[in-house]
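Anchor point for the sequence shown: position 26 equals 104 in this note's numbering, and the numbering is continuous, going up by one each time.
Worksheet: the structure to be examined is printed underneath.
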Amino acid sequence: MPSRVFGANDRVRIGIAGINGRGQSHMNAYLGMKDVEVAYLIDPDSRLYKNRGKRVADKQDGKMPTCVQDIREALEDKNLDAVSVATCNHWHSLIGIWACQAGKDAYIEKPISHNIHEGRKLVEAAEKYNRIVQHGTQQRSSGGRAN
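Here's what the structure looks like:
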């Protein structure tokens with residue numbers, strides 16, 4: 079359940095964690111959505127900020143995202159609604175748990191976890207904090223036919 083009720087003119091503010099490789103696909107997808115603002119780009123490699131930030135700003139009427147190295151910095155922003163996680167695999171579950179604890183919804187690439195314990199803790203966090211967490215199983219959720 080969203081932390082606030084969205085009106086017709088509101089936008090979902092999202093942070094993208096991991097902006098190299100698969101994260102660029104996340105950027106392109108969100109930038110193509112009408113009511114979504116890419117508010118944060120999160121990656122330890124600050125050399126990516128200038129190029130990726132400009133790409134986002136060019137599609138958002140000049141609105142530059144905030145670029146940070148530590149996901150926890152973005153999660154502290156009460157105006158951030160959700161995170162999209164395309165980081166290295168070993169961060170997926172932990173970032174998802176942190177997002178839930180911070181009151182954010184999350185989309186997380188596969189694999190969601192390395193083992194059942196990690197996955198269970200993420201499910202428990204989503205339930206405890208009443209958050210939406212979607213796992214990257216595109217072939218199950220897209221409108222196209224399966225291969």
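We treat Cβ as the ideally placed atom computed from N, Cα and C, and that holds for glycine.
Following the continuous alpha helix (DSSP H) through residue i, name the residue where it begins and the one where it ends.
{"i": "HIS104", "result": "100 to 109"}
{"i": "ALA204", "result": "194 to 206"}
{"i": "ILE175", "result": "170 to 179"}
Can residue i and residue j be called in contact, C-beta distance under 8 Å?
{"i": "MET111", "j": "VAL134", "result": "no"}
{"i": "ASN98", "j": "ASP123", "result": "yes"}
{"i": "TYR108", "j": "ILE120", "result": "no"}
{"i": "ALA164", "j": "ASP183", "result": "no"}
{"i": "SER171", "j": "SER191", "result": "yes"}
{"i": "ALA117", "j": "LEU153", "result": "no"}
{"i": "ARG130", "j": "VAL114", "result": "no"}
{"i": "THR144", "j": "LYS188", "result": "no"}
{"i": "ILE175", "j": "LYS199", "result": "yes"}
Could you name the residues of the same chain whose beta carbon sits closer than 8 Å to that of residue i, not counting the 5 residues immediately before and after it, in chain order?
{"i": "ALA86", "result": "No answer about ALA86 holds up, because its pLDDT of 45 lies below 50 and its placement is not dependable."}
{"i": "ILE173", "result": "ALA95, ILE149, VAL161, VAL163, THR165, ALA184 and ILE186"}
{"i": "GLY197", "result": "SER171, ILE190 and SER191"}
{"i": "ARG209", "result": "ALA177, CYS178, GLY181, LYS182, ASP183, ALA184 and ALA203"}
Run through DSSP, which three-state label would residue i get?
{"i": "GLY93", "result": "strand"}
{"i": "CYS145", "result": "strand"}
{"i": "ASP136", "result": "helix"}
{"i": "SER162", "result": "strand"}
Could you spell out the range, first to last residue, of the beta strand (DSSP E) harbouring residue i?
{"i": "ILE186", "result": "183 to 186"}
{"i": "LEU119", "result": "114 to 120"}
With a threshold of 6 Å on Cβ separation, who are the neighbours of residue i within its own chain once the five nearest residues in sequence on each side are excluded?
{"i": "GLN212", "result": "TYR185"}
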